[in-house]
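Novice: One structure follows; several queries about it will come next.
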Amino acid sequence: MKHTDVYKIFENKEYIGKTVTVCGWVRTSRDSKNMAFIELNDGTTLKHLQIVIDKAKFSDISEFLKLGTSLKVEGVAVESLVAEDSVEINAEKIEVLGVCPNDYPLQKKRHTLEYLRTMPALRVRTNTFNAVFRVRSVVSASIHEFFQARRFTYVHTPLITASDCEGAGEMFRVTTVGFNPEYKTEEEYNEADFFGKKAALSVSGQLEGEVAAMALGKIYTFGPSFRAEKSNTPRHVAEFWHVEPEVAFAELDDIIEIAEDLIKHIINAVLEKCPDELKFFDAHFEKGLIEKLKNVVSNDFAVMTYTEAIEKLKQSGEKFDYPVEWGLDLMTEHERYISEVICKRPVFLTDYPKEIKSFYMKQNPDGKTVAATDLLVPGVGEIIGCSEREADLDKLLDAMKVRNMSIEDYNDYISLRKFGSVPHSGFGLGLERIIMYVTGVQNIRDVILYPRTVGSIS
Ligand code: 4AD
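Residues are numbered in my numbering as their position in the sequence shown, beginning at 1, plus a constant of 94.
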């Protein structure tokens, strides 16, 4: 269908005075005695294009004005008489592409995000989701740009796996046969299944990412991860997009530097490419958002050990739902207090107790902590989980034995420590969590097209 994207008409003065054809959906409309006005949106920009209708030129315009209707409009682009530095179209021909009934759920008033979640197919047509998905797209592209410019190889790790990377057992089973009493043991059942052994959706591409990094040096993965955790919170989904770089010859300090640079690169891309969207989020979701983002890119992130943070939380006098003790797995309330009140900026919390972290993390000489760090940001909490990996075969095996893990299931992974092991590090960034941070949207369900959460799939 020959037509011009609406964003081009706003961004290019050359269209003024020319006849153009545009397509889009009616967002709002207004009728008066001789004239009618339609705000048309085609999804290529947050801005609505005003269509000016001289009623004398059309026999019946009633179908054009209904919200949600899709139209093809031919007309002359002219400078707007009311809005400064804007364009509108004086309509010559209007064709209805798809009619829309009067009970279209998206009427003029501002709907709550909760209400919009009940209609995933339509909520994308609101300004909020229009802006969220454009930011999400720009962030995704910027992640590839960042790694490609630094010679990281993009690898695609499997989504179906036989190993549990995080060791938390929160995995979705992949099976083609239902269990029935015919199978005397779980082993017998697993053997009869598609792969001849127990399989699940991967919680992380890290283990396979490490395999690739031990040959390609610097790699990243960017794809979905799945977690069957029953946490019904504003920051957990069962299916999320996961960015996971893995770097050979890198210690914890090196990977922290890469993580900070990546976050700043992402924010700079959004500041540069999504000014209208950021203005929208600043006005409707988080006052001062743009200022916050500018500050983040021009200042260093804080770095603090877990032990120091526990001391500061205890001294704070703040009443937390979960009491603070060394050894505690920090809750969102603690993470947010540390970044929002104690540090007032993004902070890398380092050297966590080994008992609350994964088997693959490098054990520190103190025998109590591991070389791990989480990046905590104000408003969201943890957005990155990061560590130097245990490169010593015996120490890795010890950590697995303590956790009663089956060594046999991880033979491939363990072999990396036998054949030319090197210090290496990596991290996982949750795409939805960084989108929440850069937009100020507070519920993860509102930054993903179809959120999957415990008890909810549509
Ligand atoms: O801290 P996590 O569990 O780390 C890993 O999976 C490591 N294997 C990563 C690595 O070192 N390659 O998860 C990493 C990040 C979290 O910081 C969070 O941003 C995101 O993944 N994440 C989730 N996002 C949304 N919903 C969930 N249920 C998430 N679980 C983790």
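For each residue, glycine too, the CB sits at the ideal point set by N, CA and C.
1. Which one of I183, R217, V120 has the shortest CA to CA distance from P195?
2. Taking 8 Å as the threshold, find out whether the stretch 499-518 comes into contact with the stretch 381-395 through three or more Cβ pairs.
3. My output table needs one value for E186: the three-state DSSP class, helix, strand or coil.
4. Under the rule that 16 or more other beta-carbon atoms within 10 Å means buried, what is H336, buried or exposed?
5. Is any heavy atom in the ligand 4AD found nearer than 6 Å to the beta carbon of H250?
6. Going by beta carbon distance, what residues of the same chain come within less than 6 Å of E429, once the five residues before and after it are set aside?
7. With a cut-off of 8 Å, do at least 3 Cβ pairs link the stretch 258-272 to the stretch 282-297?
8. Per DSSP, what are the beta-bridge partners of M398 in this structure?
9. For L310, which of helix, strand or coil comes out of DSSP?
10. Can the beta-carbon of S563 be found closer than 7 Å to that of L200?
11. Near K141, what residues of its chain come up, given a Cβ to Cβ distance below 6 Å and the 5 sequence neighbours on each side ignored?
12. L143 and V100 look like a contact to me (Cβ under 8 Å); what is the Cβ gap, rounded to whole Å?
13. Name the DSSP bridge partner or partners of W335?
14. Would you kindly work out how many angstroms separate the C-alpha atoms of E338 and C480, rounded to a whole number?
15. Answer yes or no: the CB of G192 versus the heavy atoms of the ligand 4AD, is any distance below 6 Å?
16. Can you list, in chain order, the stretches of the alpha helix (DSSP H) that have 4 or more residues and sit fully within the stretch 331-377?
17. Between the Cα of N221 and the Cα atoms of A256, D197, N135, H250, which residue gives the shortest distance?
18. If you pair each beta-carbon of the stretch 109-126 with each one of the stretch 169-176, do three or more pairs fall below 8 Å?
19. Return the residue from the list T139, G137, I147, G118 that minimises the CA-CA distance to F131.
20. According to DSSP, is H97 helix, strand or coil?
21. Does the Cβ of H330 lie closer than 6 Å to at least one heavy atom of the ligand 4AD?
22. If we call anything under 7 Å between Cβ atoms a contact, is G303 one with E333?
23. Return helix, strand or coil for K141, following the three-state DSSP convention.
24. Strictly by DSSP, which residues pair up with L469?
25. Pair every Cβ in the stretch 408-417 with every Cβ in the stretch 448-457, then say whether three or more of these pairs are closer than 8 Å.
26. Excluding five sequence neighbours on each side, which residues of the same chain lie with their C-beta closer than 6 Å to the C-beta of K451?
27. When you compare the stretch 389-397 with the stretch 542-552, are there three or more beta-carbon pairs, one atom per stretch, that lie closer than 8 Å?
28. Would V541 and I529 qualify as a contact pair, given that the criterion is a beta-carbon distance under 7 Å?
29. Looking at the strands, I want to know which residues DSSP matches up with S519.
30. Report the residue from G162, N128, E133 whose alpha carbon sits nearest the alpha carbon of K151.
31. For P472, which residues of its own chain have a beta-carbon under 6 Å away from its beta-carbon, when the five flanking residues on both sides are left out?
32. Please state the DSSP three-state secondary structure of F379.
33. How should D506 be labelled, buried or exposed, when 16 other C-beta atoms within 10 angstroms of its C-beta is the threshold for buried?
34. Please report the distance separating the alpha-carbon of F316 from that of K406.
35. Over what stretch of residues does the alpha helix (DSSP H) that includes E208 continue unbroken?
36. Find out if the Cβ-Cβ distance for the pair D478, L443 is shorter than 7 Å.
Specialist: From the atom records:
1. V120
2. no
3. strand
4. buried
5. no
6. L470, G475, E476
7. yes
8. L443
9. helix
10. Residue 563 cannot be examined here, being either before or after the span of the chain that is shown, 95 to 552.
11. F104
12. 5 Å
13. P318
14. 9 Å
15. no
16. 346-367
17. N135
18. yes
19. I147
20. coil
21. yes
22. no
23. coil
24. F442, I478
25. no
26. V464, A466
27. no
28. yes
29. V341, E482
30. N128
31. S433, E434
32. coil
33. exposed
34. 35 Å
35. 207-211
36. One point to set straight first is that residue 478 is Ile, not Asp, in the sequence displayed. Their beta carbons are not under 7 Å apart, which means I478 does not touch L443 by this criterion.
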